[in-house]
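Residue numbers (the numbering used here): 1 to 206. From the three backbone atoms N, C-alpha and C, an ideal C-beta is built for every residue, glycine too. Owing to the predicted nature of the structure, the values given are computational and were not obtained by experimental measurement. Reviewing the structure listed below.
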Amino acid sequence: MNRVPVQTDLSPVFAERLRFDYEYSPEEQTLRLSAEHLDELLPLLAEDERCAFDYLRDLTAKEQPAGTLHVVYNLLSFSHRHTLMVIATIPQLAGGESPEVVSATAWWNSANWLEREVYDLFGIRFRGHPDMRRIFLDEAVSFHPLRKSFQLERVKNLRDLGEIEGRFAKEAREQMKAEEARIAGNDRKRPGSSDSAAAAETRSGE
C-alpha cells in the first residue's frame, strides 16, 4: 500500500499553531500531539483533500504507569491509499476532573461505539458524542476497569456486579414477557384463530 507522508500536508497548516511529533517509514506513519489540538486536527484529516482520511478503522486508549492517558486513532484513506496512527495525549488533570476530548463522530460514524467503549473502560468522555453512555457496564457502576487505579478488591465479592447482572436479567425477562404478550395478542386477532372464530360466532348469534 502506498503511504503519503502526512507531515508534509499538516506542517504548512499548523506550523504556527500546533506542535506535534511525526514518525514516518514505508511501513507506517504516526502523529503524536496533545489531545487539546484534536478539535483542529480531526476535521483536517477528514476533510482536507491532501489527507482525505475517510475511514476510522479503530479507536482505543491506553494508560501509562504514571497515569497519563492517550487516545489512539487508526485512519485509512481509500482515495490516497495511505494510513495514519494518531496518538493524542490527554494533559494531566487536577484531582476529581474527568478526562475529556472532542468526539470524532462528526467525521467518522464508526467512532460512535468505539468512543462509548473507551468511556466505559477508561473513563474518557468524548465531547459532542450523540449518546455518551457506557456500552458494557451499567450506568450505576462507579469504576472504569481498564484504568490502572482500578482495584478488583473494591468490588466486594463481586456483589456489585452480581446486583447489576441481576437487574439486567430482570429487565430482559420483563421485555420477553411483554414481547410474548404482544405476539399472543396479534395471534388472537388473526383470521382463523380460535378467538377470532368465537368472536365471529358471537356476532352471528346476535
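Check	Outcome
DSSP beta-bridge partners of methionine 85	Thr30, Asn74
Selection from Arg19, Phe53, Leu41 that minimises the alpha carbon distance to asparagine 109	Phe53
DSSP state of asparagine 186 mapped onto helix, strand, coil	helix
Proximity test, arginine 134 beta-carbon vs the ligand FMN heavy atom, cut-off 8 Å	The ligand FMN is absent from the structure shown, which contains no ligand whatsoever.
Exposed unless 16 or more other CB atoms sit within 10 angstroms - verdict on glutamine 92	exposed
Aspartate 58 - partner residues in DSSP beta bridges	Asn74
Phenylalanine 126 (DSSP reduced to helix, strand or coil)	strand
Own chain, CB closer than 8 Å to arginine 116, minus 5 neighbours either side, in chain order	His129, Asp131, Met132, Arg133, Arg134, Ile135
Per-residue burial, glutamate 97 [other beta carbons within 10 Å of its own, 16 or more giving buried]	exposed
Residues near tyrosine 55 by beta carbon distance below 8 Å, same chain, minus five either side	Leu75, Leu76, Ser77, Phe78, Trp108, Ser110
Burial state of proline 99 (16 or more Cβ within 10 Å)	buried
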